[in-house]
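For the protein sequence lines, the chains are A and B, in the order given.
Numbering of the first sequence is given in the numbering used here, commencing with residue 1 and proceeding in unit increments.
Numbering of the second sequence is given in the numbering used here, commencing with residue 301 and proceeding in unit increments.
Even for Gly, the Cβ is constructed at its ideal location relative to N, Cα and C.
Note that the structure is a prediction, hence the values are computed from the model and not measured.
What follows is a single structure, written as structure tokens, with notes after it.
There are 2 protein chains.
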Amino acid sequence: MKPKTGVVGLGIMGRPIAANLLKAGYELTVFNRTAAKADAFVAAVGGRKGQTPAEVASAADVVITMVSDSADVEQVVLGPNGIIEGARAGQVLIDMSTISPAVTRAIGARLLEKGVEMLDAPVSGGEKGAVAGTLTIMVGGKPAVFETCRPIFEALGKTITHMGQAGAGQLTKLCNQIICSNTLLAVCEGLVFARNAGLDAEKAIAALSGGAAQSWMLTHQAPKMLQRDFRPGFFVMHEQKDLRLVLETAREVGVALPGTRLIHQLYHAIEAEDGGEKLGHISLIKAIEKLANRVPPGAE
Amino acid sequence: MKPKTGVVGLGIMGRPIAANLLKAGYELTVFNRTAAKADAFVAAVGGRKGQTPAEVASAADVVITMVSDSADVEQVVLGPNGIIEGARAGQVLIDMSTISPAVTRAIGARLLEKGVEMLDAPVSGGEKGAVAGTLTIMVGGKPAVFETCRPIFEALGKTITHMGQAGAGQLTKLCNQIICSNTLLAVCEGLVFARNAGLDAEKAIAALSGGAAQSWMLTHQAPKMLQRDFRPGFFVMHEQKDLRLVLETAREVGVALPGTRLIHQLYHAIEAEDGGEKLGHISLIKAIEKLANRVPPGAE
Numbered sequence: 001m002k003p004k005t006g007v008v009g010l011g012i013m014g015r016p017i018a019a020n021l022l023k024a025g026y027e028l029t030v031f032n033r034t035a036a037k038a039d040a041f042v043a044a045v046g047g048r049k050g051q052t053p054a055e056v057a058s059a060a061d062v063v064i065t066m067v068s069d070s071a072d073v074e075q076v077v078l079g080p081n082g083i084i085e086g087a088r089a090g091q092v093l094i095d096m097s098t099i100s101p102a103v104t105r106a107i108g109a110r111l112l113e114k115g116v117e118m119l120d121a122p123v124s125g126g127e128k129g130a131v132a133g134t135l136t137i138m139v140g141g142k143p144a145v146f147e148t149c150r151p152i153f154e155a156l157g158k159t160i161t162h163m164g165q166a167g168a169g170q171l172t173k174l175c176n177q178i179i180c181s182n183t184l185l186a187v188c189e190g191l192v193f194a195r196n197a198g199l200d201a202e203k204a205i206a207a208l209s210g211g212a213a214q215s216w217m218l219t220h221q222a223p224k225m226l227q228r229d230f231r232p233g234f235f236v237m238h239e240q241k242d243l244r245l246v247l248e249t250a251r252e253v254g255v256a257l258p259g260t261r262l263i264h265q266l267y268h269a270i271e272a273e274d275g276g277e278k279l280g281h282i283s284l285i286k287a288i289e290k291l292a293n294r295v296p297p298g299a300e
Numbered sequence: 301m302k303p304k305t306g307v308v309g310l311g312i313m314g315r316p317i318a319a320n321l322l323k324a325g326y327e328l329t330v331f332n333r334t335a336a337k338a339d340a341f342v343a344a345v346g347g348r349k350g351q352t353p354a355e356v357a358s359a360a361d362v363v364i365t366m367v368s369d370s371a372d373v374e375q376v377v378l379g380p381n382g383i384i385e386g387a388r389a390g391q392v393l394i395d396m397s398t399i400s401p402a403v404t405r406a407i408g409a410r411l412l413e414k415g416v417e418m419l420d421a422p423v424s425g426g427e428k429g430a431v432a433g434t435l436t437i438m439v440g441g442k443p444a445v446f447e448t449c450r451p452i453f454e455a456l457g458k459t460i461t462h463m464g465q466a467g468a469g470q471l472t473k474l475c476n477q478i479i480c481s482n483t484l485l486a487v488c489e490g491l492v493f494a495r496n497a498g499l500d501a502e503k504a505i506a507a508l509s510g511g512a513a514q515s516w517m518l519t520h521q522a523p524k525m526l527q528r529d530f531r532p533g534f535f536v537m538h539e540q541k542d543l544r545l546v547l548e549t550a551r552e553v554g555v556a557l558p559g560t561r562l563i564h565q566l567y568h569a570i571e572a573e574d575g576g577e578k579l580g581h582i583s584l585i586k587a588i589e590k591l592a593n594r595v596p597p598g599a600e
């Protein structure tokens, strides 16, 4: 029999995740801090609404959390009316948020005192991947618990990898953010140079995409940058939150990441703009443009 | 009738380029500063040897130069016994070296006084691409001259793009180096973080390669980094030469490239090592490792 599921957090990512659980035939209870979102979800898609995270935990065998940051996960799991209050031994919490690996391990230890298992399972692939059920899911925690939950992951994602013990999923997600943000900077610097040098930037992208410069970012994000399409996608404020986690964790594990730190600084210039933190993360190119002496055609 | 060709510079790249011209049925005269290399090429592969660049120009309709830096191109084209001394009106010089766009335009202007046309056509794809005839070729110069030379380019490369007027090929190559070096840094920082955080780095690469972190560099260079295979490939000293060109040209066109400048600085740490400048450019990861507090398994 399929386990009963719960989802806490019905934001951009949590909502399609909850919808895919229903589509895959899982019984579902949902909670969202702004209750209207939960009501809207139940009315439009299905499932039942819990009044608190604790109520979701009481109703479900496997609870997924998908919220913004470490403090949010701590609150919905360990805070008043939190998941831990409704949870029982043998139950599993899957946290799909991107949070601190250290906080992940601390929350997992608290849950284990009640016999509740935890997996950290952050994702990449964005809203598009969440809707399509093609997320990349990076999982940390006990292998046996991972195997139990594999059918649930398969309802949500395509590339599902058990990376190691508790926290290993979060560490892999941070590794992803390091590579993604630096590859994005590569595209930004290349495009701003190309345009200021008077090249046809679209032609340059086409000429270079077949070789060693090729990347998902060059193929998918460079055209949006050229069209000045800075709609999120992925908010600058969330990118900055992730980069803060990266740099904190890098310090903990004893690594300096000069490129990633530079990018974190460059985004400050975007955050300083009115509404900048709610632009899409590809607006990183605007920080490089600020450093150039010529405003590109079409740039604000 | 096929034009007669000449190649000046039989290094890692020039040699397979010359060989592919012969294979495509072009008559060929070659010159190399170290004459023994030209003798060896003629003995092993074919063609005739010219005693000077001027002699190559006299014997050929289209002369290709493939040397190291701006000063080398100036010397073999404009110096004593240079190409310009043997050249005649209607002839074409194709410079496939990576050099300064400004120097390219100056050399082109000097040649044009004698009625000699010039194309700048730097390449990417490395020795492997040169041998296989699959280079990416970025061409600047007059469109009609480019069209005349297209069959020659097709004997050498796969993605052949006319990017614009004189210097546009060099500018596109510099754009390529910007994107490649920053994407390489992305992979370096991701791998060093992953290893220091105790992740299985190979597993992490596999988990992330299907998503937004994907790049040619991640797929092709990360495994070599993990195997500590720093054989060139592409020398650190040549990468640094290219990055110097990038940063000089960036200043000329009024762009600051903080990521690229950082990478140029990081490579100084590799150059400072004994023999470091002759390591492959993926040894950039060693500069990040120097910043970490833990030596990775297998690292020197």
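Chain-ordered chain B contacts of residue i [CB-CB under 8 Å]
i, result
"Gln240 of chain A", "Result: empty, since nearest Cβ-Cβ is about 17 Å, beyond 8 Å."
"Thr104 of chain A", "Result: empty, since nearest Cβ-Cβ is about 13 Å, beyond 8 Å."
is_contact[residue i, chain A] using C-beta, thresh 7 Å
i, result
"His581 of chain B", "no"
"Glu600 of chain B", "Unreliable placement is indicated for Glu600 of chain B, whose pLDDT of 45 sits below 50; no coordinate value is reported for it."
"Asn320 of chain B", "no"
"Lys586 of chain B", "no"
"Ala336 of chain B", "no"
"Glu571 of chain B", "no"
"Gly533 of chain B", "no"
"Ala455 of chain B", "no"
"Glu447 of chain B", "no"
"Ala513 of chain B", "yes"
"Thr398 of chain B", "no"
"Ser424 of chain B", "yes"
"Glu489 of chain B", "yes"
"Gly510 of chain B", "yes"
"Thr459 of chain B", "yes"
Counterpart residues of residue i in DSSP-defined beta bridges
i, result
"Thr305 of chain B", "B:Leu328 and B:Val362"
"Phe235 of chain A", "A:Gly280"
"Asp95 of chain A", "A:Thr65 and A:Asp120"
"Arg348 of chain B", "B:Thr329"
"Met463 of chain B", "Note: Met463 of chain B sits in no beta bridge, so no partner."
"Gly440 of chain B", "B:Asp420 and B:Gly464"
"Leu643 of chain B", "Given a span of 301 to 600 for chain B in the structure shown, any question on residue 643 of chain B remains unanswerable."
Contact list for residue i against chain A, beta-carbon separation under 7 Å
i, result
"Gly554 of chain B", "Asn196, Ala292, Asn293 and Arg294"
"Ala550 of chain B", "Phe193"
"Leu393 of chain B", "Near Leu393 of chain B there are no residues of chain A at all, since even the closest Cβ is about 22 Å away, more than 7 Å."
Beta carbon proximity, residue i to chain B, threshold 7 Å
i, result
"Gly140 of chain A", "no"
"Gln170 of chain A", "no"
"Leu185 of chain A", "yes"
"Cys180 of chain A", "yes"
"Val192 of chain A", "yes"
"Thr260 of chain A", "yes"
"Ser70 of chain A", "no"
"Leu257 of chain A", "yes"
"Asn176 of chain A", "yes"
"Thr29 of chain A", "no"
Interface partners of residue i on chain A, CB under 8 Å
i, result
"Met463 of chain B", "Leu199, Asp200, Lys203, Ala204 and Ala207"
"Thr436 of chain B", "Ala207, Leu208, Gly210 and Gly211"
Residue i CB to nearest heavy atom of the ligand PLP below 6 Å
i, result
"Gly464 of chain B", "The ligand PLP is not part of this structure, which contains no ligands at all."
Within chain B, partners of residue i - CB distance below 7 Å
i, result
"Met225 of chain A", "Near Met225 of chain A there are no residues of chain B at all, since even the closest Cβ is about 13 Å away, more than 7 Å."
Chain B residues whose Cβ lies nearer than 9 Å to that of residue i
i, result
"Asn81 of chain A", "Result: empty, since nearest Cβ-Cβ is about 34 Å, beyond 9 Å."
"Thr65 of chain A", "Here the premise fails: no neighbours, minimum Cβ distance about 21 Å."
Interface partners of residue i on chain D, CB under 9 Å
i, result
"Leu245 of chain A", "No chain D appears in the structure shown, which is made up of the protein chains A and B."
Closer than 9 Å at the beta carbon, the chain A residues around residue i
i, result
"Leu518 of chain B", "Ile179, Thr183 and Ser215"
Counting pairs of beta carbons, one from the segment 76-88 of chain A and one from the segment 46-65 of chain A, are three or more of them closer than 8 Å? yes
Answer yes if the segment 466-476 of chain B comes into contact with the segment 431-449 of chain B, meaning at least three C-beta pairs across the two stretches below 8 Å, and no otherwise. yes
So, do the segment 576-588 of chain B and the segment 559-568 of chain B have three or more beta carbon pairs nearer to each other than 8 Å? yes
With a threshold of 8 Å, are at least 3 pairs of Cβ atoms found where one atom belongs to the segment 167-186 of chain A and the other to the segment 482-491 of chain B? In short, these stretches touch, since the Cβ pair count reaches three.
Could you tell me whether the segment 5-15 of chain A touches the segment 24-39 of chain A, using the rule of 3 or more Cβ pairs below 8 Å? Touching, yes.
Three-pair Cβ contact test at 8 Å for the segment 545-563 of chain B versus the segment 508-517 of chain B: no
Would you list, in sequence order, the uninterrupted alpha helix (DSSP H) runs of no fewer than 4 residues that lie entirely inside the segment 197-221 of chain A? 201-208 and 216-220
contact_flag[the segment 225-239 of chain A, the segment 146-165 of chain A] where n(CB pairs < 8 Å) is 3 or more: Verdict: no, contact absent.
For the 8 Å Cβ check, are there 3 or more pairs between the segment 396-405 of chain B and the segment 331-347 of chain B? no
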